[in-house]
Each structure stands twice: as structure tokens, then as C-alpha cells.
Amino acid sequence: MKNRVNIDWGKLPFGYFKTDYNIRTYYRDGKWGELEISSSEYIPMHIAATALHYGQEAFEGLKAYRGKDGKVRLFRWQENAKRMHHSAYGIMLAEVPDELFFKAIEKVVRLNAKYIPPYGTGATLYVRPLLVGSGPQVGVKPATEYLFLVLVTPVGPYFKEGFKPVAIEVVRDMDRAAPLGTGKYKVGGNYAAGMRASERAHQGGFASVLFLDALEKRYIDEAGPANFFGIKNNTYITPQSDSILPSITNMSLEQIAKDIGLTVERRKVPFEELDSFEEAGACGTAAIISPIKKITDHSTGKTVEYGIEAGPISSKLYNHLRGIQEGTIVDIHDWTTVIERI
Ligand code: PLP
Ligand code: COI
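So the sequence shown is numbered by our numbering: it starts at 1 and just counts up by one.
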């Protein structure tokens with residue numbers, strides 16, 4: 001890439017960084033229109049849009065990785081498209097067809113190619129598809145008009161520590177999502193619901209919160225914007241819960257764990273089991289793998305410690321996942337899509 005912008009890539013935080021273009025299209029009269037290229041950072045919005053009043057919006061998150069071989073890869077975009085269908089189903093948005101989803105992503109990545117961070121900097125181009133109820137309603141019902149927009153922004157690691165263990169705080173006095181609620185969909189309301197707990201955790205010096213199941217507070221749900229996993233006895237253990245986001249990273253780590261000879265268990269994980277893990281981590285597109293050094297219960301002060309260095313299995317999983325994403329490990333499951341000539 002000859003024409004790259006001059007950014008200190010290694011120091012990029014996980015934040016909004018202006019790029020040149022975004023892509024939009026509207027769903028009107030029962031069908032999606034043409035993709036439009038925009039250089040505006042703003043969207044015109046009806047004052048009675050359902051997204052604004054009733055939270056009728058969903059989003060996705062994936063990344064474009066510049067590989068060691070110079071190629072640009074998307075990781076499992078089909079899974080993000082599928083999850084956006086689920087979110088659309090969950091809160092009654094118009095569904096975005098897979099071809100449209102991919103076409104919009106490919107186009108916006110190409111248009112902003114100079115913002116794709118170079119290999120080896122730890123930074124990547126974060127791709128954020130957004131699906132918004134843009135049509136007006138005052139009664140509580142779904143919009144008839146939708147906006148699908150994709151923006152990109154170059155990012156560093158979600159947790160500023162990068163691949164260094166972080167401290168996490170268990171929250172019991174606030175819930176992110178109800179057992180049969182919207183926790184399994186990637187909708188904005190879930191994130192608003194978790195903000196008070198996560199800001200309190202940040203103020204207490206923690207990188208993130210760990211939510212428990214809302215019904216009994218007996219089982220681990222997930223870690224803020226990431227799923228949770230624990231490792232013991234050569235086994236990768238991750239919570240089964242209907243109120244957590246089905247993480248594509250977690251799903252991939254389960255497969256990689258099997259590929260490298262671990263046993264995998266997806267099941268309810270009782271809070272007490274935290275004591276018995278040899279390693280623990282948070283995983284997600286933004287977080288990649290963030291090893292956990294300690295987990296403190298906000299209500300009781302009880303703390304479980306896993307050590308200040310990343311454990312050997314978490315390190316192996318992390319390197320394997322990044323290797324596939326950056327083209328240095330053979331992609332035997334066909335997870336990556338190369339965007340050619342970029
Ligand atoms: N859980 C929540 C609440 C998230 O926001 C995310 C991020 O997308 C994840 C888990 C991880 O999901 P994925 O690995 O698909 O990015
Ligand atoms: C992601 O990992 O892609 C996320 O969406 C997490 C967060 C930034 C909301």
C-alpha cells in the first residue's frame with residue numbers, strides 16, 4: 001500500500017478515528033436501495049426515528065487485517081452477517097441480505113485502504129456495520145424505513161493493556177440483560193444497560209465487568225464487551241447462556257482449542273468455579289484475547305488471582321487466532337476472505 005496515512009499505528013487506542021468514507025443504503029417501501037458513498041460523518045435523522053426513541057438499532061463489529069504477505073483479510077464476515085439477521089429478527093429490523101452486507105464492507109474497506117494499519121503494529125481496521133430504524137413512529141412499533149451504514153476506523157487493542165492480563169470486576173447489583181431478553185442480540189440497548197456498571201469498574205481501576213446470570217446470580221455470563229473463558233486440566237471452558245452475545249471469536253477459539261488438542265466444554269459455569277481455573281480470559285473481536293489477572297467481586301471484595309503474565313494456553317490460542325487472521329497460519333477452516341488488490 002503506497003498511499004498510507006501517517007499515523008503512529010502502534011499507539012492507536014480503540015477509539016473513533018476519522019476516515020474518508022462510509023457507505024449507506026436505505027430500506028424503503030419494502031426494499032433496499034443502492035449503496036451510497038458518503039464522506040459525511042453525520043446522518044440526517046427523522047426526529048421520531050424508532051432508533052432514537054425506542055432503541056430499534058443493531059450493529060456488528062469485525063476487522064480487516066493486513067497480513068504478513070501484504071494481503072487484507074476479513075475474518076468470518078459471514079458469521080457477522082448471520083448474527084445481524086438474528087439481531088434484526090430480535091428487535092424487528094429489516095434484514096440485510098448477505099450479499100449487500102459483504103458488498104458494503106468490501107467497498108468501504110477499499111475506499112479507506114490507506115487507513116488499514118500495517119502488519120506487525122497490533123492495529124487493525126475495525127469495521128462497524130450499523131442498522132438503524134430511521135423511519136418515524138410514535139406508537140411503539142417497528143419503523144418502515146431503515147438505514148444500513150458501514151463505517152471503518154483504525155484501532156489498537158480494546159483494553160489498553162493489549163495482550164497483558166487485566167483486572168475484572170464482578171457485578172451483582174446491576175444486570176446487562178434479562179434471561180429471555182435481548183442479551184443474545186447485538187443491539188445498542190444492551191450496551192447502554194451495561195454502562196453504569198462498566199464505568200464504576202473503570203473508576204475502580206478494572207478494565208471491565210463480569211456479569212453473572214440475571215436470574216440466580218450463580219453462573220458466569222460474560223465480560224463486558226467480550227465473552228469469558230477459563231482453562232483447567234487441558235480444557236477450554238466457556239459459559240452457555242441465552243443472555244450473552246454469541247461471540248464469533250469465542251466460537252473460533254473453541255475450534256482452535258480442539259485443533260490444538262484441548263477438550264472444549266460449553267456449559268453453565270458456576271461462580272465458585274473461578275477458583276479452580278488455571279487461566280482465564282475475555283475474548284471478542286475488539287478484545288481479541290485479553291488474559292485476566294484477577295477477578296474481584298464488587299459486593300464482597302473476594303478476589304481470585306490468575307497471575308500477572310498471560311498463561312501458556314491463552315498465549316497459544318491468541319497466537320493461533322492472530323496467525324490465521326494475519327495469514328501466517330494456514331486457514332484450514334476457510335474463515336478468512338481476502339480482499340484482492342488492495
Ligand atoms: N459480548 C459482547 C457483549 C460483545 O459486544 C462482543 C463484541 O462483539 C462480544 C461478546 C464478542 O463477540 P465477537 O467475538 O463476535 O466480536
Ligand atoms: C466488538 O468486539 O466488535 C465489539 O463490538 C465490542 C465493543 C466495542 C462494543
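Think of the CB as a built atom: it goes at the ideal place given N, C-alpha and C, for glycine as much as any other residue.
DSSP, read as helix, strand or coil, puts Arg28 in strand.
In the structure shown, Ser314 adopts helical secondary structure according to DSSP, grouped into three states.
DSSP places Arg176 outside both helix and strand once states are collapsed to three, so it counts as coil.
The three-state secondary structure of Asn6, taken from DSSP, is coil. For Asp297, the enclosing beta strand (DSSP E) covers residues Ile288 to Asp297. For Lys68, same chain residues with a beta-carbon under 8 Å away, outside a window of 5 residues either side, are Tyr119, Gly120, Glu326, Gly327 and Thr328 in chain order. In the three-state reduction of the DSSP assignment, Gly230 falls in the strand class. In this structure, the beta-carbon distance from Thr238 to Ile91 does not fall below 8 Å. Across the structure, Thr336 and Asn80 are spaced so that their CA atoms are roughly 13 Å apart.
Excluding its 5 nearest sequence neighbours in each direction, Phe206 has C-beta neighbours in its own chain below 8 Å: Val166, Ala167, Ile168, Glu169 and Thr296, listed in chain order. Taking 7 Å as the cut-off, the C-beta of Pro129 does not count as close to any heavy atom of the ligand PLP. Closer than 7 Å to some heavy atom of the ligand PLP: that does not describe the Cβ of Leu210.
With 16 or more other Cβ atoms from the protein chains shown falling within 10 Å of its own Cβ, Val187 counts as buried. Counting only runs that start and end inside the stretch 178-203, there is no beta strand (DSSP E) element of at least 3 residues. With distances taken between CA atoms, Tyr65 lies nearest to Thr153 out of Thr153, His46, Gly135 and Ala143. In the three-state DSSP reduction, Gly162 falls in the coil class, being neither helix nor strand. Counting along the chain, no alpha helix (DSSP H) covers Ile37; the unbroken beta strand (DSSP E) around it starts and ends at Glu36 to Ser38. Leu262 is a Cβ neighbour of Tyr236, given a cutoff of 8 Å. Distance between Asn234 and Lys258, taken at the CA atoms: about 10 Å. Checking the 7 Å criterion, the Cβ of Tyr191 is within range of a heavy atom belonging to the ligand COI. Secondary structure remark: continuous alpha helix (DSSP H) runs of at least 4 residues inside the stretch 201-270, in chain order: 248-259.
DSSP links Phe101 through a beta bridge to no other residue.
Counting along the chain, the unbroken alpha helix (DSSP H) around Ala88 starts and ends at Trp77 to Ile91.
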